Amino acid sequence: LEQTNQGVVALYAELDERSAQLRDANEAKSRFLANVSHELRAPVTAIIGLARLLLDPRSEPLTAEQTHQLQLVQGSAGDLLDRVNDLLDLAKAESGRIEPNLAPVDLAAVFGQLRGTLRPLAKPGVELEVDEPPAAELVSDDVLLTQILRNLLTNALKFTERGSVGMAGRVEGDQLLLVVADTGIGIPFAEQRRVFEEFHQVRGAHQAGGTGLGLPYARRLAGLLGGGLMMVSEPGEGSTFTVSLPLRPAPAEAAPGPSSVA
Ligand code: ADP
Numbered sequence: 001l002e003q004t005n006q007g008v009v010a011l012y013a014e015l016d017e018r019s020a021q022l023r024d025a026n027e028a029k030s031r032f033l034a035n036v037s038h039e040l041r042a043p044v045t046a047i048i049g050l051a052r053l054l055l056d057p058r059s060e061p062l063t064a065e066q067t068h069q070l071q072l073v074q075g076s077a078g079d080l081l082d083r084v085n086d087l088l089d090l091a092k093a094e095s096g097r098i099e100p101n102l103a104p105v106d107l108a109a110v111f112g113q114l115r116g117t118l119r120p121l122a123k124p125g126v127e128l129e130v131d132e133p134p135a136a137e138l139v140s141d142d143v144l145l146t147q148i149l150r151n152l153l154t155n156a157l158k159f160t161e162r163g164s165v166g167m168a169g170r171v172e173g174d175q176l177l178l179v180v181a182d183t184g185i186g187i188p189f190a191e192q193r194r195v196f197e198e199f200h201q202v203r204g205a206h207q208a209g210g211t212g213l214g215l216p217y218a219r220r221l222a223g224l225l226g227g228g229l230m231m232v233s234e235p236g237e238g239s240t241f242t243v244s245l246p247l248r249p250a251p252a253e254a255a256p257g258p259s260s261v262a
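Listed below in structure tokens is the structure:
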């Protein structure tokens, strides 16, 4: 029996060591991502700035061909910057370097802003229906919350060709549930678990642009706010994403250290 006990103790010690190694590797990966994206930003920003300068009507006139080519440079550099920023955001959220700024949230303002800015993204024949938010007293971070919802709504609008994209909220117990539902292409069952993995895109989805970082980032932010993000999807019928947030997050819950985020 003693031998078995020693075996179990040794096994636990090894598991402990393995999980410490995994955590270290994960932290090193986040730091690496943050450093690389930070380093990439400066040259990309310079390219965008120089292209803008050359295209300025006040500078020497360019030929039509040169103007066209410069516009392509500008467009590609803009795409690259968006992706680098996505990477940087995710690395920051993963390494616990985003500190939620908790305060009473004006949900009507959050909903109104999203309704106004995202309506132009709806394809012809698709209705963006943003309900009035519930009269809940929510303490959270309105900037992070807006990022989560914008992310979900942008995806929904991107993958919906007809019908509607809706957002609504309701209170359940001490939680606020915010639901973004679409009547879009849905997500194949085999892929559903993987869409929250970094860089994962359902086959063919990269043609729609994006990086596969949006959902992992949204889930990470919801976690930072003490809540979660869930999905139900029916291929060919549509998808529903639900953000759950504590109405009043416990301070420890809303500001986890890097190791408890994982
Ligand atoms: P991105 O949108 O940048 O590709 P995301 O992490 O936001 O990355 O989403 C990952 C993948 O999940 C997308 O490429 C897409 O295939 C799928 N997806 C996300 N939201 C929806 C949705 N509302 N309807 C259908 N597919 C979706």
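Heads up: the sequence shown begins at 1 in our numbering, then just goes up one per residue.
Where is the CB? At the ideal position from N, CA and C, for every residue including glycine.
On a predicted model such as this, the values are computed, not experimentally measured, just so you know.
Beta carbon of residue i nearer than 8 Å to that of residue j
i           : j           : result
residue 187 : residue 233 : yes
residue 241 : residue 107 : no
residue 183 : residue 238 : yes
residue 225 : residue 86  : no
residue 77  : residue 44  : yes
residue 140 : residue 88  : no
residue 90  : residue 249 : no
residue 104 : residue 174 : no
residue 165 : residue 122 : yes
residue 134 : residue 171 : yes
Closest Cα partner of residue i within the set the options
i           : options              : result
residue 191 : 202, 183 and 125     : 202
residue 102 : 219, 138, 56 and 200 : 138
residue 31  : 7, 94, 47 and 65     : 94
residue 149 : 196, 222 and 5       : 222
residue 160 : 218, 236 and 11      : 236
residue 193 : 162, 227 and 231     : 231
Reduced DSSP category for residue i - H, G, I as helix; E, B as strand; rest coil
i           : result
residue 105 : coil
residue 66  : helix
residue 1   : coil
residue 175 : strand
residue 264 : It is not possible to answer for residue 264, since the shown part of the chain is limited to 1 through 262.
residue 181 : strand
residue 128 : strand
residue 189 : helix
residue 232 : strand
residue 156 : helix
residue 256 : Caution is warranted here: a pLDDT of 49 is assigned to residue 256, below 50, making its placement in the model unreliable, and the coordinate value is therefore given only provisionally. Three-state result, residue 256: coil.
residue 170 : strand
residue 246 : strand
residue 164 : strand
residue 10  : helix
residue 37  : helix
residue 211 : coil
residue 262 : Legend: pLDDT at residue 262 = 34, less than 50; position of this residue unreliable, no value from coordinates given.
residue 199 : coil
residue 59  : coil
residue 95  : coil
residue 49  : helix
residue 226 : coil
8 Å contact criterion, which residue i and residue j should meet: CB distance rounded
i           : j           : result
residue 168 : residue 131 : 4 Å
residue 92  : residue 13  : The Cβ separation is near 34 Å, so there is no contact.
residue 146 : residue 178 : Wrong, their Cβ atoms sit about 11 Å apart, outside the cutoff.
residue 67  : residue 55  : 7 Å
residue 73  : residue 47  : 7 Å
residue 317 : residue 144 : There is no way to answer for residue 317, as the model of the chain reaches only from 1 to 262.
residue 70  : residue 42  : No, residue 70 and residue 42 are not in contact; Cβ-Cβ is about 20 Å, not under 8 Å.
Residue i CB to nearest heavy atom of the ligand COA below 7 Å
i          : result
residue 62 : By its list of ligands, the structure shown excludes the ligand COA, since it contains just the ligand ADP.
Any C-beta of chain B under 8 Å from that of residue i
i           : result
residue 119 : Within the model displayed, chain B is absent; a lone protein chain is all it includes.
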